[in-house]
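**Student:** Here it is, the structure, as structure tokens.
Protein chains: 2
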Amino acid sequence: MSIRPHQEQVLSSIAQETIQPIRWQNDGLRLLDQRVLPEQVVYLDIDDVYAAAAAITDMVVRGAPAIGITAAYGVVLAARQRFQENSATWREKVDADLQYLKSARPTAINLAWAVGHMARLIETLTDVDPVPQLLAAAQQIHADDIAANRRMGELGAALINPSSAVLTHCNAGALATGGYGTALGVIRAGVSQGRITQVYADETRPWLQGSRLTAWELSQDDIPVSLIVDGAAAWLMKQGKIQWLIVGSDRIAANGDVANKIGTYSAAVAAHHHGVKVMVVAPTSTVDMETASGEAIPIESRPEDELLCIGGKRVAPAAVGAWNPVFDITPAELIAAIVTEKGVVEEPDCEGIARMMNT
Amino acid sequence: MSIRPHQEQVLSSIAQETIQPIRWQNDGLRLLDQRVLPEQVVYLDIDDVYAAAAAITDMVVRGAPAIGITAAYGVVLAARQRFQENSATWREKVDADLQYLKSARPTAINLAWAVGHMARLIETLTDVDPVPQLLAAAQQIHADDIAANRRMGELGAALINPSSAVLTHCNAGALATGGYGTALGVIRAGVSQGRITQVYADETRPWLQGSRLTAWELSQDDIPVSLIVDGAAAWLMKQGKIQWLIVGSDRIAANGDVANKIGTYSAAVAAHHHGVKVMVVAPTSTVDMETASGEAIPIESRPEDELLCIGGKRVAPAAVGAWNPVFDITPAELIAAIVTEKGVVEEPDCEGIARMMNT
């Protein structure tokens, strides 16, 4: 495969990122295994579409944009295998693979978005080897995501007064995206501009994305970060310690309701109570105009053991169960601003979201 | 030491409890080591007042009423040792021991209350062996606490409509008291009366009192309990799944502000937002009429490692710190009812608290 000048630019923009959760390398997909960070920095080679789907389900890779990018590369793997098996009937087999891939996790709309984008490209392909064009498209999605994050970083940071302190929940950083991050992109830009001088991060139970991933990312960039237990967020706000709560999203409904990691809603309610502003940062691939409101967003429940066991060891007694929804919905009225690469929607509602999407 | 009929009744009321976190046995204090529950059920022998203070600081025993009872027995240990050393000057030495004991943890007022109660008794003693009278007083505090919990259980349960579901935070159970529990006492009574049919428990980071202690206690009594991450409390309320948030307290100010485990305030703000009622259950030994409002209550900060390490293993990267206040203040206006053994104060304020205390 020859690399055209535009494609060179795409690849270079991906390669520039310091933290690369997703790489296409030696004709294959490599994923940074986020389950073992920060203790170990291990890349896993993903050889086929089933391994890509499993990596999403098992949270080797997580974060809505990163799931979307992984799925796009997963489509490349599927097409390569099916085309090698039978260059005449490969499309039919790929169709089933794409359905399988789309079902890997339910909440992040970026997964369906990326698979849909790749599926539409497949429809336009002639019967030559589909891999070069699909790979270029996946890499474009990847590079576009990074560019969107950089743009959102600037747009979001501009909303923040100098010397502010902020709280973030979960990990909406380089690790959750193609690179640079959504919420953490705003925080990176804000810190570099002197608008943000202190970052607090919820540890984010049950998966501890805050302690393991956000703290790791920010410390790599020498950004001052203090961890708190999720239950301390309201008390932090009561002390007047923060001005903004900044989070990512797994799906934004047409009315501006936001699905994000469990605990986001709790923090947003507390922010509302204390006059702390809530900023949601996500690319337009996270906006689902087909979903009217948060009520229609499917909320994934994950195994009880994520909560009942820590480090492979059970902490709760044997007979006890758990309720473990891993996302929640923050209604638009609790949100001061939704930031996408297309612009900022303040006090989001149907009209504001539609206007931004049609920009 | 001869046991009088009244004292027999006191001892029998202590012994009747199924879960006994604190025992006076073989002339010594035995504490159930709450740091290793539910995996191990281990009692530690506490031989002197320094060991008693260390057991409080290190959270072998925790929960405001249990800390108070432990301290009362700790005074017995101090007096016994100092009287053996020198039966003429023992009081002076005991004074210093009591100051030391009182400083073991700052937030729970029951500690100062119990030590003060015992100190006043010491002032009245003649120069005979002080141990029998002090031990009887400590056992009376212990038995009174259990009786108060039983009474609060009835009073609190009466506020709850049949077939309700409730959420509790931390552990305000048998393990946090002399037996039976405060918040869990209301839950035990409510379940036995059919008023409560489902209990949710916050896991309660960083110490996981919910997963380790509350879940263990309730499962011992076959009470249905589901654990949630602390961040899921608001989402649980949004689903309409609970009618009451029921918690204990470490100190109640004269205006009805309540200090309790970090995360209580967050849950109370969420409850307020969703019209879920908040009940605080604590004996009058927890009420500190000398403290005008929550702002004057000292909030303990504990080591960062409680948050950054799990099971002795660090989860966050090395360079990262944490903010770890382990209590917070819930203002009276978020509380529907404070339940003590003297009665119920609905919509608590200075007048209501004063009236109840003077009953």
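Chains A and B supply the protein sequences, listed in that same order.
Last residue of the first sequence: number 359 in the numbering used here, and the count goes up by one each step with no gaps.
Last residue of the second sequence: number 1359 in the numbering used here, and the count goes up by one each step with no gaps.
All residues carry an ideal CB built from backbone N, CA and C; glycine is no exception.
List the residues of chain B that Ser226/A touches, going by C-beta distances under 7 Å, in chain order.
**Tutor:** Ordered by position in chain B, the residues that pass the 7 Å Cβ test against Ser226/A are Gly1321, Ala1322, Trp1323.
**Student:** Cutting at 7 Å between CB atoms, please list the residues of its own chain near Val229/A, excluding the five before and the five after it.
**Tutor:** Closer than 7 Å at Cβ, skipping near neighbours: Glu203.
**Student:** Report buried or exposed for Val49/A, applying the criterion of at least 16 other Cβ atoms within 10 angstroms of its Cβ.
**Tutor:** Buried, because 16 or more other Cβ atoms sit within 10 Å of the Cβ of Val49/A.
**Student:** Which whole-angstrom value is the C-beta distance of Cys1170/B and Val1247/B, which I expect to be below 8 Å?
**Tutor:** The pair is a contact, with the Cβ atoms about 7 Å apart (cut-off 8 Å).
**Student:** Whole angstroms is fine: what's the gap from Arg1150/B's alpha carbon to Met1356/B's?
**Tutor:** Going from the Cα of Arg1150/B to the Cα of Met1356/B covers about 18 Å.
**Student:** Please give the ranges of any alpha helix (DSSP H) in the stretch 1158-1200 of chain B, keeping only runs that are unbroken, at least 4 residues long and fully inside the region.
**Tutor:** For the stretch 1158-1200 of chain B, whole alpha helix (DSSP H) runs of length 4 or above, ordered along the chain, are 1183-1192.
**Student:** I think Met431/A touches Ala254/A, with their Cβ atoms under 8 Å apart; what is that distance to the nearest whole Å?
**Tutor:** Chain A is shown only over 1 to 359; residue 431/A falls outside these bounds and no answer can be derived.
**Student:** So Trp1113/B contacts chain A; which residues on that side make the cut at Cβ distance below 7 Å?
**Tutor:** By Cβ distance, chain A contributes nothing, its closest Cβ being about 25 Å from Trp1113/B, past 7 Å.
**Student:** Out of Pro1005/B, Pro1331/B, Ile1310/B, which one is the CA nearest neighbour of Asp1257/B?
**Tutor:** Of Pro1005/B, Pro1331/B, Ile1310/B, the residue nearest in Cα terms is Pro1331/B.
**Student:** Quick one: what's Ala1259/B bridged to in DSSP?
**Tutor:** Answer by DSSP bridge pairing, in chain order: Arg1251/B, Ile1329/B.
**Student:** Where Ala189/A and Thr182/A are concerned, what is the direct C-alpha to C-alpha distance, given to the nearest angstrom?
**Tutor:** When rounded, the distance between both Cα atoms is 10 Å.
**Student:** Which chain A residues are close to Leu1308/B, counting only those with a beta carbon under 8 Å from its beta carbon?
**Tutor:** Neighbours of Leu1308/B on chain A, chain order: Ser211, Leu227.
**Student:** Is it a yes or a no for the stretch 1299-1306 of chain B touching the stretch 1263-1275 of chain B, going by three-plus beta-carbon pairs under 8 Å?
**Tutor:** Contact fails: fewer than three Cβ-Cβ distances are below 8 Å.
**Student:** Below 7 Å between beta carbons is the criterion; list the residues of the stretch 253-270 of chain A that meet it against any residue of chain B, in chain order.
**Tutor:** Per Cβ criterion, the list reads Ile262, Gly263, Tyr265, Ser266, Val269, Ala270.
**Student:** Taking the CB atoms as reference points, tell me whether Arg1105/B and Glu1300/B lie closer together than 8 Å.
**Tutor:** It is a contact, given that the beta carbons lie within the stated cut-off.
**Student:** CB-CB under 7 Å to Leu125/A, same chain, minus the five flanking residues each way: which ones, in chain order?
**Tutor:** If we look at Leu125/A and ignore the five residues flanking it on each side, its Cβ neighbours are Gln133.
**Student:** Let's see if you can read the secondary structure: which residues bound the alpha helix (DSSP H) around Glu1351/B?
**Tutor:** Run containing Glu1351/B: 1350-1357, per the alpha helix (DSSP H) assignment.
**Student:** At 3 residues or longer, what runs of the beta strand (DSSP E) sit wholly inside the stretch 220-244 of chain A?
**Tutor:** Taking only runs of at least 3 residues, the beta strand (DSSP E) segments lying wholly in the stretch 220-244 of chain A are 225-228.
**Student:** Look at the alpha carbon of Gln20/A and the alpha carbon of Ala176/A, and state the distance between them as a whole number of angstroms.
**Tutor:** Near 10 Å, if we compare the C-alpha coordinates of Ala176/A and Gln20/A.
**Student:** Compute the beta-carbon to beta-carbon distance between Pro1130/B and Ile1141/B, rounded to the nearest angstrom, for a pair I have assumed lies under 8 Å.
**Tutor:** 16 Å between Cβ atoms; not a contact.
**Student:** Ignoring anything shorter than 3 residues, give me the beta strand (DSSP E) runs that lie fully in the stretch 83-108 of chain A, in order along the chain.
**Tutor:** You should have found no qualifying run.
**Student:** Evaluate Gly1063/B with the Cβ neighbour count: other Cβ atoms within 10 Å of its Cβ, from every protein chain shown; 16 or more gives buried, anything less gives exposed.
**Tutor:** Flag for Gly1063/B reads buried.
**Student:** In three-state terms, what does DSSP make of Ala54/A?
**Tutor:** Three-state result, Ala54/A: helix.
**Student:** With Leu1037/B as the anchor, note down where its alpha helix (DSSP H) starts and where it stops.
**Tutor:** No alpha helix (DSSP H) contains Leu1037/B, which DSSP labels as neither H nor E.
**Student:** Kindly say whether Val1276/B, judged by its beta-carbon, lies nearer than 8 Å to any beta-carbon of chain A.
**Tutor:** Val1276/B does not count as touching chain A.
**Student:** Provide the residue span of the beta strand (DSSP E) that contains Val1320/B, from first to last.
**Tutor:** Segment: none, Val1320/B is in no beta strand (DSSP E) and carries neither H nor E.
**Student:** May I have the straight-line CA-CA distance separating Leu1227/B from Ile223/A, to the nearest angstrom?
**Tutor:** Using only the alpha carbons, I get a separation of about 34 Å.
**Student:** Select from Gly1263/B, Glu1295/B, Leu1184/B, Gln1209/B the residue whose C-alpha is nearest the C-alpha of Ala1234/B.
**Tutor:** It is Gly1263/B whose Cα lies nearest to the Cα of Ala1234/B.
**Student:** Give the straight-line distance between the Cα atoms of Thr284/A and Thr1214/B, rounded to the nearest whole angstrom.
**Tutor:** So the two alpha carbons sit approximately 43 Å from each other.
**Student:** In terms of DSSP beta bridges, what is Val281/A paired with?
**Tutor:** Val281/A is bridged to Val339/A.
**Student:** Give the single residue among Gln40/A, Val326/A, Gln243/A, Glu217/A whose Cα lies nearest to the Cα of Tyr265/A.
**Tutor:** Nearest option by C-alpha distance: Val326/A.
**Student:** When the distance is taken between beta carbons, is Asn1026/B closer than 8 Å to Gly1068/B?
**Tutor:** Taking 8 Å as the Cβ cut-off, Gly1068/B and Asn1026/B do not qualify as a contacting pair.
**Student:** Pull up the DSSP beta-bridge partners for Val1287/B, would you.
**Tutor:** According to DSSP, Val1287/B bridges with Ile1252/B.
**Student:** Going by DSSP, which residues form a beta bridge with Trp24/A?
**Tutor:** In DSSP, Trp24/A forms a bridge with Leu29/A.
**Student:** For Phe44/A, which beta-bridge partners are listed by DSSP?
**Tutor:** The question names Phe, but residue 44/A in the sequence shown is Leu. In the DSSP output, where bridge partners are listed per residue, Leu44/A has Leu31/A.
**Student:** Ser301/A by DSSP, collapsed to three states: which one?
**Tutor:** Strand, per DSSP.
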